[in-house]
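Engineer:
Encoded structure:
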């Protein structure tokens, strides 16, 4: 890593920790920074300790993990598709996840179990991924970038229409909860949700890290990647499945 890259990475990490620290200080109950830093001490007020360790810190960590995951997915999609606009929303993955989450909220599953919304969102994302792949492979052989992007746009538009249709039949509370979820609401963040997301992210990050060199070659061009021994079709498929 070059010095400029290391300095840039260090600066971004510093901003991340600064934002996470600010999120633990600000809120409905104003808590001074010194009290936040003393939360690991047994002398801290139990109420302050509970607010920091059980509410704000898990929410800050979950936001950092979600943001990092979306950034990695966007970078991988841009590499395999060689398109700076490629990201989970364009390829329909986020639309499928949103459909699953909205249906879980409207049908009342979220009231029965705290895992209903994330599981339904994951199932919707998988369904969108399969649908995009089926459309892409039905048009021609291989994962051609242009076809994959067009298939993702079509699937995303279809799922957005389903979301609007579902929201028209939702009551006020379900409508509010669904819209807040799509806006990125992290109100229900907990240590269990942080651990659950980490269980998905760690193996996925390991796979993508192993594909780092082939993805860099794909970003240069498929012909160059093929010339240097990269199995373009396999790398694209594995990267797409992992990020989805």
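Numbering (the working numbering), first residue to last: 9 to 252.
Here a beta-carbon is modelled for each residue, glycine too, at the ideal position from N, C-alpha and C.
#1: Would you grab the beta carbon distance between residue 60 and residue 32 for me? Rounded to a whole angstrom, and I think it's under 8 Å.
#2: Below 8 Å on the Cβ atoms is my contact criterion, and I expect residue 114 with residue 186 to pass it. Report the Cβ-Cβ distance as a whole number of Å.
#3: Less than 7 Å between the beta carbons of residue 84 and residue 174, yes or no?
#4: Hey, which unbroken runs of the alpha helix (DSSP H) at 4 residues or more fall wholly within the stretch 16-53?
#5: Spatial neighbours of residue 223 within its chain, please: C-beta separation below 6 Å, excluding the five flanking residues on both sides.
#6: Quick check: the Cα distance between residue 136 and residue 236, rounded to an integer number of angstroms?
#7: Quick check on residue 177: does DSSP put it in helix, strand or coil?
#8: Flag this pair as yes or no: are the beta carbons of residue 112 and residue 133 separated by less than 7 Å?
#9: Using CA coordinates, which residue listed in 157, 144 and 138 is at the minimum distance from residue 89?
#10: Excluding the 5 residues flanking residue 108 on each side, which residues of the same chain have their C-beta closer than 6 Å to its C-beta?
#11: Taking the alpha carbon of residue 230 as the reference point, which residue from 210, 152 and 54 has its own alpha carbon closest?
#12: Going by beta carbon distance, what residues of the same chain come within less than 8 Å of residue 15, once the five residues before and after it are set aside?
#13: Considering only the alpha carbon of each residue, which of 22, 140 and 252 lies closest to residue 72?
#14: Could you check the C-alpha separation between residue 248 and residue 141 for me, to the nearest Å?
#15: Taking 7 Å as the cut-off, decide whether the C-beta atoms of residue 70 and residue 197 are in contact.
#16: Could you check whether residue 82 and residue 95 sit closer than 7 Å to each other, using their CB atoms as the reference points?
#17: Which same chain residues end up closer than 7 Å to residue 232 when comparing Cβ atoms and leaving out the 5 residues on each side of it in sequence?
Structural biologist: Result, derived from the coordinates:
#1: 6 Å
#2: 7 Å
#3: no
#4: 41-45
#5: 87
#6: 32 Å
#7: coil
#8: no
#9: 157
#10: 128, 129, 131 and 132
#11: 152
#12: none
#13: 22
#14: 9 Å
#15: yes
#16: yes
#17: 225
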